[in-house]
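Q:
Residue numbers (our numbering), protein chains in the order written: chain A, 10 to 280; chain B, 4 to 279.
1. Taking its Cβ as the centre, do 16 or more other Cβ atoms sit within 10 Å of residue 64 (chain A), making it buried, or is it exposed?
2. Roughly how many angstroms lie between the CA atoms of residue 181 (chain B) and residue 212 (chain B), to the nearest whole one?
3. Would you mind telling me which residues of chain A sit closer than 7 Å to residue 109 (chain B), beta carbon to beta carbon, in chain order?
4. If we cut at 7 Å on Cβ distances, does residue 178 (chain A) have a partner in chain B?
5. Near residue 96 (chain A), what residues of its chain come up, given a Cβ to Cβ distance below 7 Å and the 5 sequence neighbours on each side ignored?
6. Which of the residues in the segment 179–195 of chain B, read from start to end, lie with their CB under 8 Å from any CB of chain A?
7. Can you list, in chain order, the residues of its chain with a C-beta nearer than 8 Å to that of residue 244 (chain B)? Leave out the 5 residues immediately preceding and following it.
8. Among residues of its own chain, excluding the 5 on either side of residue 104 (chain B), which ones have a beta-carbon nearer than 6 Å to its beta-carbon?
9. Give the residues from the segment 65–78 of chain A that approach chain B closer than 8 Å (Cβ to any Cβ), ordered along the chain.
10. Considering just the uninterrupted stretch of the beta strand (DSSP E) at residue 36 (chain A), what are its terminal residues?
11. Could you confirm whether any beta carbon from chain A is found closer than 7 Å to the beta carbon of residue 176 (chain B)?
12. Tell me whether the segment 178–187 of chain A and the segment 25–32 of chain A touch, counting them as touching only if at least three CB pairs, one residue from each stretch, are closer than 8 Å.
13. Could you check whether the Cβ of residue 270 (chain A) sits closer than 7 Å to any Cβ belonging to chain B?
14. Could you tell me the distance, in whole angstroms, from the CA atom of residue 70 (chain A) to the CA atom of residue 168 (chain A)?
15. At 8 Å on the CB atoms, spell out the chain B contacts of residue 113 (chain A), in chain order.
16. Taking only heavy atoms of the ligand ZN into account, decide whether any of them is closer than 6 Å to the Cβ of residue 112 (chain A).
17. Pick helix, strand or coil for residue 275 (chain A), following the three-state DSSP scheme.
18. Where does the unbroken beta strand (DSSP E) through residue 62 (chain B) begin, and where does it stop?
19. Give the DSSP-derived three-state secondary structure of residue 9 (chain A) in the structure shown.
20. Give the residues of chain A in contact with residue 271 (chain B), contact being defined as C-beta atoms less than 8 Å apart.
21. Could you tell me the alpha carbon to alpha carbon distance between residue 120 (chain A) and residue 164 (chain A), rounded to whole angstroms?
22. Quick one: list the residues of chain B neighbouring residue 117 (chain A), beta-carbon separation under 9 Å, in chain order.
23. Under three-state DSSP, which class holds residue 191 (chain B)?
24. Rounded to a whole number of angstroms, what is the C-alpha to C-alpha distance between residue 60 (chain B) and residue 66 (chain B)?
25. For residue 204 (chain B) and residue 81 (chain B), what's the separation of their Cα atoms in angstroms?
26. For the alpha helix (DSSP H) containing residue 230 (chain A), list its first residue and its last residue.
27. Quick check: is the beta carbon of residue 152 (chain A) nearer than 7 Å to any beta carbon in chain B?
28. Quick one: using the 10 Å Cβ neighbour count with 16 as the cut-off for buried, is residue 62 (chain A) buried or exposed?
29. Near residue 124 (chain A), which residues of its chain fall below 6 Å by C-beta distance, leaving aside the five closest residues on each side in sequence?
30. Excluding the five sequence neighbours on either side, which residues of its own chain have a C-beta within less than 6 Å of the C-beta of residue 62 (chain B), listed in chain order?
31. Using beta carbons (cut-off 7 Å, strictly below), is residue 172 (chain B) in contact with chain A?
32. Measure the CB-CB distance between residue 137 (chain A) and residue 160 (chain A) and report whether it falls below 7 Å.
33. Using 8 Å as the cut-off, can you tell me whether the segment 73–89 of chain B makes contact with the segment 261–277 of chain B, which would need three or more C-beta pairs spanning the two stretches below that distance?
34. Inspect the beta-carbon positions of residue 197 (chain B) and residue 167 (chain B) and report whether they are closer than 7 Å.
35. With distances taken between CB atoms, is the gap from residue 219 (chain B) to residue 150 (chain B) smaller than 7 Å?
Laid out in structure tokens, this is it:
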């Protein structure tokens, strides 16, 4: 019975995913190795780790953009509607702000008559309603990323994938964008999976932080954060979590994983 | 009726703004500062009798040759012939090279089958086709169209192919995550991503096509600017030759400006932020 309840509350479950890449004729390299974690429905999960640990690969596998070498992604719903925000504003430069959104709505099968209305709603949610005629090249970096977020949430996805969406904007803009995402999360109940290398960001936003180690990417630790939102940035309780996380990230992740593994083995032997 | 009127006005306005766009870059005070002394120099130097004036005509000699050709030698007819066949060849190559380039750039399977064919044919210099084309097509109009077509096909095809193939992966992926079909991505992502490069390649096609048009017209046809050029040479009329060269240059420039204007009007997103 309890097992089933977990099933029902789960949005996606990543189970033992391994992905190998082969570049030209060189021997293949392992990007991620037997990665498993769960994202609960209406949860906010962050994947954190150093650059090149395969976090983005995991996200692309979940989005269905690449196939894992082994392992699987178990989705609660057979095809949950997904949207993704990329690191470098992948809004289409040849469409103006409004068209960027109506195009996505058309892909989602929204009838033509509703598209403009829904798109304007999404634009005003991110404060871009006065810029609907502007092309991305005419917007600032932060505005472009807001447009990307508006585009992603306009179709009301069940699962929102964010691939380091705030990495290329300045600090102040980043905090504003984080609050925007948080607001969307709290008001719509969308499930969010965020990839980041910023510990503060992960702690400020998420329910659960999954820590990755480097090449090949492995899950070193999962940390649940039991704090109410909105959280104070840099409050003492967050700092405690931060110390714990930093510890996991600074120590050699592989060593950690091995230690965990060997202790598990010991347990098994003892049993 | 009302709508039609408005439409007419739009077309007229479009033409006016095209001329402003194209000639606007030439008819400027800054350029006048450069061109007027150059023309004066051209006018004065041949009069110093360093060379025979027959070999080195002045600007006014060329201008009067232009007038003479216009009034007595059917210059407009030659221009019309050249432009007509040039445009047929160019349009044929645009409507074949662009779709083939898009298809092969988009579909890796098709690319594997057909790309080598084009890779083998492309490096053959268009001028090397002249003798064989002469045998099969004779010296008439098909030769001109064929050579213009052939020479402009490859730059347009190859650049379109490359631009489609090099579409930024992020754009393709983001459309795919939102559930776009591959055909939808081709139309809404690949095509627009490549549009600037496609228009640019047509400009390259124009310049290479003009080279081959001139070459084709030098072979025994009796009409067109290339013919007039060779014909003038036979009568040693250097001013006439200069006029032909200038007219050919003008045609190339004018057609290029049309493409540039199209790019400005279609690719609105390339106009970045302007200061108010």
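No residue lacks a Cβ here, since even glycine has one placed at the ideal position from N, Cα and C.
None of these values were measured; they are calculated from a predicted model.
A: Checking against the coordinates, here is how it stands:
1. For this step, residue 64 (chain A) is matched to residue 55 along the first chain. Burial call: buried.
2. Within the second chain, the letter at position 178 stands for residue 181 (chain B). Within the second chain, the letter at position 209 stands for residue 212 (chain B). Cα to Cα, residue 181 (chain B) sits roughly 42 Å from residue 212 (chain B).
3. Translated into the one-based positions of the second chain, residue 109 (chain B) becomes position 106. The contacting residues do not exist; residue 109 (chain B) stays about 17 Å from chain A at best.
4. Working through the first chain from its first residue, we reach residue 178 (chain A) at position 169. No, residue 178 (chain A) does not count as interfacial toward chain B.
5. Sequence index remark: in the first chain, residue 96 (chain A) carries index 87 (1-based). Once the five neighbours on either side are set aside, the close Cβ partners of residue 96 (chain A) are 172, 173, 174, 176, 177.
6. 179, 180, 181, 182, 183, 187, 191, 192, 195
7. Numbered from 1 along the second chain, position 241 holds the residue referred to as residue 244 (chain B). 232, 235, 236.
8. In the second chain, counting from the first residue as 1, residue 104 (chain B) sits at position 101. Same-chain partners within the cutoff: 160, 163, 164.
9. 69, 72, 73, 74
10. Position 27 of the first chain holds residue 36 (chain A). Counting along the chain, residue 36 (chain A) falls outside any beta strand (DSSP E), and DSSP gives it neither H nor E.
11. Reading the second chain from its first residue, position 173 is the one you call residue 176 (chain B). So, interface residue.
12. no
13. Counted from its first residue, the first chain places residue 270 (chain A) at position 261. Because the pLDDT of residue 270 (chain A) is 48, which lies under 50, any placement of that residue in the model is unreliable, and the number read from its coordinates should be weighed accordingly. So no, residue 270 (chain A) is outside the interface.
14. Locating residue 70 (chain A) in the first chain gives position 61, where the first residue counts as 1. Locating residue 168 (chain A) in the first chain gives position 159, where the first residue counts as 1. Between residue 70 (chain A) and residue 168 (chain A), the C-alpha separation is close to 14 Å.
15. Translated into positions along the first chain, residue 113 (chain A) becomes position 104. Those are 181, listed as they occur along chain B.
16. In the structure on display, the ligand ZN does not appear, and there are no ligands present to speak of.
17. The count along the first chain starts at 1 and reaches residue 275 (chain A) at position 266. Reliability of the predicted coordinates at residue 275 (chain A) is poor, the pLDDT of 46 falling under 50, and the value obtained from them is presented with this limitation in mind. Three-state DSSP puts residue 275 (chain A) in a helix.
18. Position 59 of the second chain, counted from the first residue, corresponds to residue 62 (chain B). Taken as a continuous stretch (DSSP letters only), residue 62 (chain B) belongs to no beta strand (DSSP E), being part of the alpha helix (DSSP H) at 62–75.
19. For chain A, the structure presents residues 10 to 280; residue 9 (chain A) sits outside this window and is missing.
20. As a working mapping, residue 271 (chain B) is identified with position 268 in the second chain. Within 8 Å Cβ-Cβ: 144.
21. Translated into positions along the first chain, residue 120 (chain A) becomes position 111. Translated into positions along the first chain, residue 164 (chain A) becomes position 155. Straight-line Cα distance between these residues: approximately 12 Å.
22. Sequence index remark: in the first chain, residue 117 (chain A) carries index 108 (1-based). Within chain B, the residues near residue 117 (chain A) are 181, 182.
23. Residue numbering aside, residue 191 (chain B) sits at position 188 when the second chain is read from its first letter. Of the three classes helix, strand and coil, the one that applies to residue 191 (chain B) here is helix, per DSSP.
24. The residue you call residue 60 (chain B) lines up with position 57 of the second chain. The residue you call residue 66 (chain B) lines up with position 63 of the second chain. Taking the straight line joining both Cα atoms gives about 10 Å.
25. Counting from 1 along the second chain, the entry for residue 204 (chain B) is found at position 201. Counting from 1 along the second chain, the entry for residue 81 (chain B) is found at position 78. For residue 204 (chain B) and residue 81 (chain B), the distance between alpha carbons rounds to 27 Å.
26. One-based indexing of the first chain puts residue 230 (chain A) at position 221. Run containing residue 230 (chain A): none in the alpha helix (DSSP H); it sits in the beta strand (DSSP E), 228–233.
27. Locating residue 152 (chain A) in the first chain gives position 143, counting from the first residue. Chain B, which has no Cβ nearer than 7 Å to the Cβ of residue 152 (chain A), makes this no.
28. Numbered from 1 along the first chain, position 53 holds the residue referred to as residue 62 (chain A). Classification for residue 62 (chain A): buried.
29. For this step, residue 124 (chain A) is matched to residue 115 along the first chain. Excluding positions up to five away in sequence, the list reads 111, 114.
30. By 1-based counting over the second chain, the position of residue 62 (chain B) is 59. Excluding positions up to five away in sequence, the list reads 42, 45, 46.
31. As a first step, residue 172 (chain B) is located in the second chain; it is residue number 169 there, counting from the start. So, not an interface residue.
32. As a first step, residue 137 (chain A) must be located in the first chain, where it is residue number 128. As a first step, residue 160 (chain A) must be located in the first chain, where it is residue number 151. Not in contact: residue 137 (chain A) and residue 160 (chain A) (Cβ atoms no closer than 7 Å).
33. no
34. Translated into the one-based positions of the second chain, residue 197 (chain B) becomes position 194. Translated into the one-based positions of the second chain, residue 167 (chain B) becomes position 164. Yes, the Cβ-Cβ distance between residue 197 (chain B) and residue 167 (chain B) is below 7 Å.
35. One-based indexing of the second chain puts residue 219 (chain B) at position 216. One-based indexing of the second chain puts residue 150 (chain B) at position 147. The answer is yes: Cβ separation under 7 Å.
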